[in-house]
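What follows is one structure encoded as structure tokens, with my remarks underneath.
There are 2 protein chains.
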Amino acid sequence: MINRRRDVRREFTGAPVDQAVLHRVLAAAHAAPSVGLTQPWDFVLVRDRTTRAAFREHVEIKREEFAGSLPEERAERFAKIRIEGILESSLGVVVTYDANRGAPNVLGRHSIAGLYSVCLAIQNLWLAATAEDMGLGWVSFYDEEFLTGLLGIPDGVRPVAWLCLGPVSHFEHTPDLERHGWRKRRPLEQAVHLERWGDTAISG
Amino acid sequence: MINRRRDVRREFTGAPVDQAVLHRVLAAAHAAPSVGLTQPWDFVLVRDRTTRAAFREHVEIKREEFAGSLPEERAERFAKIRIEGILESSLGVVVTYDANRGAPNVLGRHSIAGLYSVCLAIQNLWLAATAEDMGLGWVSFYDEEFLTGLLGIPDGVRPVAWLCLGPVSHFEHTPDLERHGWRKRRPLEQAVHLERWGDTAISG
């Protein structure tokens, strides 16, 4: 008999999120800096199970497309990796970007800076959720057009992320993809350059 | 004689940043989540005054171009707003994006998700800097090609931000652009939608 070591899998519990907690998390996101103070983000809170099931079905198709594009060894690893908790989480938070907010005279806006601002808000949301003992997963396997149609998002507004949010069984110290042997983290020292690209030693 | 009320302007002090503090701030950035665990960011630390002066000169030209595009009333407000602290800050931190890191099989990568990851790292850096009592300003008035040439950034790597970093005289409670009447913040309630786009009341 083979002794299989099984990981305790981190799971969303699905427990409802307290309204005051959710408000704090969204307020943290909304407090992010933004180019020209445009605050180009919106947050669509999705609890409806029919909506979530439809999105999950779409994501599953995109996941299979990606799996089919992988070499065999990578595909096997990928099969073991959880990529979404759309139905298991307490709610979905869809974060969008409105390119026309503050137009036409956006201070500092070049083509993509508004999208950058939305990402700053997402990271604030992520950190606030963690501080409130909630897990967060960013689902990236989807077509924007599908989500736009599903949620009635108007022209000119672009969905940037579907975030699965809610209490989890526990937190991991090592990222899932590293635990599953998908990819290792690189040391900080390799990412820091002095004065010009190329020199990678840290110095004060 | 006219009695002019002058704001106490928030200024970078230019004091050197302690090496341990800088390491903590960069480590916070480097701890950000990233699509497929690609960690596609790098950080170029720029203290050299010649490099900074050259960048500032370029930014000044771009600022004037933007000012020239504004209606008169907006241009007058804009003239009063500080948009950079390139020479006054302690150092510049240029954050870049390497689209090829982790390629070709990036888990979850669609065209722009790698750039999103870089922004998550930038927000971590921003919050960590604030926690260390340092100011941070994101300079967005520049051409990427100029910065690429100035710092020897190779093909395939894209500069996302020049961050002015360092101790400041004090912190403001109200964002600069709001204090200068450029734009008001909108209430959180307007940014939150329930189930589908359009309904903007917060609910738990």
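Chains as they are written, first to last, in the working numbering: chain R, 0 to 203; chain E, 0 to 203. C-beta: ideal position from N, C-alpha, C; glycine also.
Give a yes or no on whether 9 angstroms exceeds the smallest Cβ distance from E/C163 to chain R.
No Cβ of chain R is located within less than 9 angstroms of the beta carbon of E/C163.
Pick helix, strand or coil for E/G35, following the three-state DSSP scheme.
DSSP places E/G35 in helix when its eight states are reduced to three.
Who are the near neighbours of R/R250 in its chain, counting only those whose CB is closer than 8 angstroms to its CB and skipping five residues on each side?
Chain R is shown from 0 up to 203; residue 250 of chain R falls before or after that span and cannot be answered.
If you draw a straight line from the C-alpha of E/L150 to the C-alpha of E/R55, how long is it?
14 angstroms
Would you give the residue range spanned by the beta strand (DSSP E) that E/W125 belongs to?
Careful: E/W125 lies outside any beta strand (DSSP E), inside the alpha helix (DSSP H) at A112 to A130.
Taking 9 angstroms as the CB-CB limit, is E/H172 close to chain R?
no
Along the segment 75–96 of chain E, where does the CB come closer than 9 angstroms to a CB of chain R? Name the residues.
F77, I80, I82, V93 and T95
The segment 123–146 of chain R: which residues have C-beta closer than 8 angstroms to a C-beta of chain E, in chain order?
N123, W125, L126, W137, S139 and F140
Going by beta-carbon coordinates alone, are R/V16 and R/P186 separated by less than 9 angstroms?
no
In chain order, what residues of the same chain lie with their CB nearer than 8 angstroms to the CB of R/H179, ignoring the 5 residues before and after it?
These residues qualify, in order along the chain: R76, K79 and I80.
Which partner residues of E/A40 appear in the DSSP bridge assignment?
Before going further, note that residue 40 of chain E is Trp rather than Ala in the sequence given. Answer by DSSP bridge pairing, in chain order: E/Y96.
Please look up how many angstroms separate the CB atoms of E/G162 and E/M133, rounded, as I've assumed it's under 8 angstroms.
Residue 162 of chain E is actually Leu in this sequence, not Gly. The pair is not a contact, with the Cβ atoms about 10 angstroms apart (cut-off 8 angstroms).
Let me check understanding here. Comparing Cα to Cα, which of E/A102, E/Y115, E/A160 and E/P32 lies closest to R/S68?
E/A102
For R/V58, which residues in the same chain have their Cβ closer than 7 angstroms to its Cβ, ignoring the five residues on either side in sequence?
E83, I85, V138, F140 and Y141
Under a CB-based cut-off of 9 angstroms, is R/L57 close to chain E?
Before going further, note that residue 57 of chain R is His rather than Leu in the sequence given. No, because no Cβ of chain E sits closer than 9 angstroms to the Cβ of R/H57.
Helix, strand or coil, according to DSSP, for E/H192 in the structure here?
strand
In the DSSP assignment, what residue or residues form a beta bridge with R/R157?
R/Y96
Is any heavy atom of the ligand COA found at a distance shorter than 8 angstroms from the C-beta of E/Q18?
In terms of ligand content, the structure shown is empty, and the ligand COA therefore cannot be addressed.
Would you say E/F42 lies against chain R (beta-carbon separation less than 9 angstroms)?
yes
Rounding to the nearest angstrom, what Cα-Cα distance links E/S88 and E/F170 in this structure?
14 angstroms
Report the rounded CA-to-CA distance for E/V43 versus E/F11, giving the unit in angstroms.
20 angstroms
Once you ignore the five residues that flank R/L146 on each side, which residues in its own chain have a CB closer than 6 angstroms to its CB?
P158
Taking R/E194 as the query, report the chain E residues whose CB atoms sit under 9 angstroms from its CB, ordered along the chain.
V43, L44, V45, R46, D47, T50 and L150
Sort out for me which residues DSSP pairs E/G91 with in a bridge.
E/V45 and E/C163
Less than 8 angstroms between C-beta atoms, sequence neighbours within five positions excluded: which residues of the same chain meet that for E/E143?
R157 and P158
Counting only C-beta atoms, is R/T12 closer than 9 angstroms to chain E at any point?
no
Less than 8 angstroms between C-beta atoms, sequence neighbours within five positions excluded: which residues of the same chain meet that for R/A128?
V24, G134, L135 and L164
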